[in-house]
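There are 2 protein chains.
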Amino acid sequence: MAASADQARAVGIDIGGTKMLGVVVDATDPTAVIAEARLATPVGAAALVDGIAELVEVLDPGGSGPVGLGIPGLIDGGDVFRFGANLPGVIDLAVGEVVGTRLGRPVAADNDATCATYAEFRGGAGAGWSDGILLTLGTGIGGGIVVGGLVRHGANGFAGEPGHMLIDPSGPPCPCGRRGCWERYASGSGLGRLGRDAALAGRLDGVVDLAGGEPEGVRGEHVIAAVRAGDHDASLVLDEFVWWVAAGIANLVDLLDPGVVVLGGGVIEAEDVLLPRIEGAVPDQVLARGHRPVVPIVAAHFGERAGAIGAAVLALETAGRPPTQGT
Amino acid sequence: MAASADQARAVGIDIGGTKMLGVVVDATDPTAVIAEARLATPVGAAALVDGIAELVEVLDPGGSGPVGLGIPGLIDGGDVFRFGANLPGVIDLAVGEVVGTRLGRPVAADNDATCATYAEFRGGAGAGWSDGILLTLGTGIGGGIVVGGLVRHGANGFAGEPGHMLIDPSGPPCPCGRRGCWERYASGSGLGRLGRDAALAGRLDGVVDLAGGEPEGVRGEHVIAAVRAGDHDASLVLDEFVWWVAAGIANLVDLLDPGVVVLGGGVIEAEDVLLPRIEGAVPDQVLARGHRPVVPIVAAHFGERAGAIGAAVLALETAGRPPTQGT
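Note that the protein sequences, when read in sequence, are chains W and A.
Our numbering applies: residue -18 is where the first sequence begins, and numbers increase by one.
Our numbering applies: residue -18 is where the second sequence begins, and numbers increase by one.
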């Protein structure tokens, strides 16, 4: 029956600063992806809504199932996008309502890292934990918080922004207006900045070669590649980066006492060199080390699809259509 | 009837580093104090248990109602005190079980600031809020977290330690082993340190006079007194202190999006000069200011009794004796 088949599907879209990644999932197992597509993120509110509608039509032509949107920024409890540094020109957009009317489908919206948290704690690396934290280390740092078995949003829907935790009052300015935010150090961009600083100080010749010969061209992936090739100087820069990652994670562990910390985002594609170092560095900075269990730190399971899958999970739950069996 | 009258009472004890404050409350309104007593905190585990038993007997002689203990440190889910910097010599003490056996009463234990959170969110400054944070600014900084209407403990019982959030990697060492923890700046001790630093730099002559003539003698209360007397230099030091308080609160607001922030602890006895400054400083540091509601910041209602009252609330709830009506 066409209608019931249709209702058993959902679309999830993860809207990034540069690209949108969409998936179609089956309601019986929303973590299994049926179809996938990408589109460049259009600039401005009207073009963004057009782009979302286009991507949904590509993914699930003629469908009427629920659509979930993961958006980089602050989304309030009424699915209104308030503000996000990576979506310039889009402010106070009632994105759930506008896209819902446009598509004629139920639409739900949430923060992108919060969506990734739905996916990872439903059927990924955080499955089975009732208290945990997800962190996405990418261009910036996003976060999601699970307390008592539920993803939490706080009083206004804005919870889960650890990236702008002030961690060094004499640190570099952040686009958010503060100085020394955690994501200036512990994101992918932060690793690149630490690498460039070391390169400009003449300490990273091997990495500069990988980056094409200019210290200013050093990015995080060059540091990682040099570490994998056994470059000692690059390894020191990576240790510095890991210290900052661990400092912020320890702050969060002291505050929330999570059962697990799930790390996602582009940086964690270098799981092989990063995860053992981070696991080693966090316990040293946690309060009362030696008197408490060591918190497991694990890599996200769904990789770059986590946000889109989680948006689909959100759509299925918010639209009041719990996963069905045997359809 | 004697037995039912007894069951309708509970004892709560807030154990500080130097003194213990105990209260007796009625189960019908655990936030109303019937009796109160104090005792110096004995040093060492055995003496501490003796002291708790003595205080309970003073407060509620011959009673058999439940007893709650608020303890400065990490308490796990089995009422075992793991570690606390202010109770040297007491480690891994099964305080709930040991005191319970000793008294022949039901005993429950929790972190002291978490107990204050029970009191303030039950019937004090946080009443009616389902998401909020309590911070005690005293010798150090304690915390309690309310999410979805419940005080939260994390995976192991240790949640709510914002005082050791690293906020300045080049800051002074902390007894916890890190450097630049928030409580080095934003506690009562932190205010004293900022005052002494300014006094030693020759910037606080009026405050030094209040402190007896020696810069090393400057404490937080001298700075506050000078501010109240209109001392401009002291006001600048207080502004610096408030900046640090606001920096940490903004970190917590970004992460948890609380509906309210309740401030307690000795420092907040200077509510008149502090609270307006803190309320003014926090919004400047919160992510996406202007796109979200300003979080109310309020002083704790129960003052120094909050921890003891909250311990009694905990005792009543944990002992499975909900507040009764009309006894």
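Cβ atoms here follow ideal geometry from the backbone N, Cα and C, with glycine treated the same way.
Applying the criterion that 16 or more other CB atoms from any shown protein chain within 10 Å of the CB defines a buried residue, is T82/W buried or exposed? exposed
Would the stretch 220 to 231 of chain W count as touching the stretch 257 to 274 of chain W if we require 3 or more Cβ pairs under 8 Å? yes
Assuming G141/A and A97/A are in contact, meaning their beta carbons sit under 8 Å apart, how far apart are those beta carbons, in whole angstroms? Incorrect: roughly 10 Å between the Cβ atoms, too far for contact.
Show which residues of chain W have a CB atom less than 9 Å away from the CB atom of G240/A. Ordered by position in chain W, the residues that pass the 9 Å Cβ test against G240/A are G135, A136, N137.
Rounding to the nearest angstrom, what Cα-Cα distance links I364/W and T22/W in this structure? In the structure as shown, chain W starts at -18 and stops at 308, and residue 364/W therefore has no counterpart that could be examined.
Does any C-beta atom of chain W lie closer than 9 Å to the C-beta of G54/A? yes
Can you say whether Q306/W is buried or exposed, counting buried as having 16 or more other CB atoms within 10 angstroms of its CB? Any reading at Q306/W needs caution, since the residue's pLDDT is 32, under 50, leaving its predicted position unreliable; the model's value is listed next. Classification of Q306/W: exposed, given that the 10 Å Cβ count is below 16.
Sequence-distant residues of the same chain with beta carbon closer than 8 Å to M1/A, five excluded per side: Correct list, in chain order: I(-6), D(-5), R19, L20, A21, T22, G32, I33, L36.
Quick check on this structure: which residue in T117/A, D112/A, G123/A has the alpha carbon closest to the alpha carbon of L129/A? Note that residue 129/A is Gly in the sequence shown, not Leu. Per the Cα distances, D112/A.
List the residues of chain W whose Cβ lies closer than 7 Å to the Cβ of F64/A, in chain order. A269, H272
Could you list which residues in chain A have their beta carbon closer than 7 Å to that of R159/W, in chain order? Q266
Nearest by alpha-carbon distance to T117/W: which of V243/W, E197/W, D57/W, G198/W is it? V243/W
Determine the extent of the beta strand (DSSP E) in which D91/W is found, giving its start and end residues. 88 to 92
L131/A touches chain W at which residues, Cβ-Cβ below 8 Å? G129
Grab me the residues of N67/A's own chain with a C-beta within less than 8 Å of its C-beta, minus the 5 sequence neighbours each way, in chain order. G(-3), G(-2), P53, G54, T120, G121
Check T117/A in the structure and name its three-state DSSP category. strand
Along the stretch 10 to 33 of chain A, where does the CB come closer than 9 Å to a CB of chain W? Name the residues. none
State buried or exposed for P143/A, treating a residue as buried only when at least 16 other CB atoms are found within 10 Å of its CB. buried
For L172/A, report the span of its alpha helix (DSSP H) as first-last. Where L172/A is concerned, the enclosing alpha helix (DSSP H) stretches over 169 to 181.
Of the choices A13/W, P277/W, R(-10)/W, I126/W, whose alpha-carbon is the least far from that of G44/W? R(-10)/W
Cα-Cα separation, G103/A to A292/A: Note that residue 103/A is Arg in the sequence shown here, rather than Gly. One C-alpha to the other measures close to 12 Å.
Buried or exposed (CB count within 10 angstroms, at least 16 for buried), I203/W: According to the sequence provided, residue 203/W is His. The question's Ile does not apply to it. Buried is the call here.
For the 8 Å Cβ check, are there 3 or more pairs between the stretch 148 to 157 of chain W and the stretch 180 to 193 of chain W? They do not touch, by the three-pair rule.
Using a Cβ-Cβ cut-off of 9 Å, state whether G141/A counts as contacting chain W. Interface residue, yes.
Which complete beta strand (DSSP E) runs does the stretch 15 to 86 of chain W hold, if anything under 3 residues is left out? DSSP runs (the beta strand (DSSP E)) wholly in the stretch 15 to 86 of chain W: 48 to 52, 62 to 64.
Three-way DSSP call (helix, strand, coil) for T(-1)/A in this model: Look at T(-1)/A here: in three-state DSSP terms it is coil, with no helix or strand label.
Taking only beta carbons into account, state which residues of the stretch 146 to 157 of chain A come closer than 8 Å to chain W, listed in chain order. Correct list: M146, L147, I148, D149, P150, S151, C157.
Candidates G284/A, A269/A, V294/A, of which the one nearest P69/W by Cα: A269/A
Kindly say whether A179/W, judged by its beta-carbon, lies nearer than 9 Å to any beta-carbon of chain A. no
Among the residues of its own chain, which have a CB less than 6 Å from the CB of G198/W, if the five just before and after it don't count? A192
Going by Cα to Cα distance, which pick from N92/W, G46/W, V79/W is closest to G288/W? N92/W
Helix, strand or coil for T305/A, going by three-state DSSP, please let me know. In this prediction, T305/A has a pLDDT of 35, which is less than 50 and means its spatial position is unreliable; nothing more can be read from the coordinates.
Within a Cβ cutoff of 6 Å, which residues of the same chain sit near A296/W, ignoring the five residues on either side of it in sequence? A(-9), P47, V48, G49, A89
With a CB to CB cut of under 8 Å and the five nearest residues on each side skipped, what residues in its chain are close to T12/W? Only V6, A100, R103, G104, G105, F283, I290, V294 meet the Cβ criterion.
Those runs of the beta strand (DSSP E) which lie wholly inside the stretch 257 to 293 of chain W and span at least 3 residues: 278 to 280
What does D112/A touch in chain W if you count any residue whose Cβ is under 7 Å from its own? G135, A136
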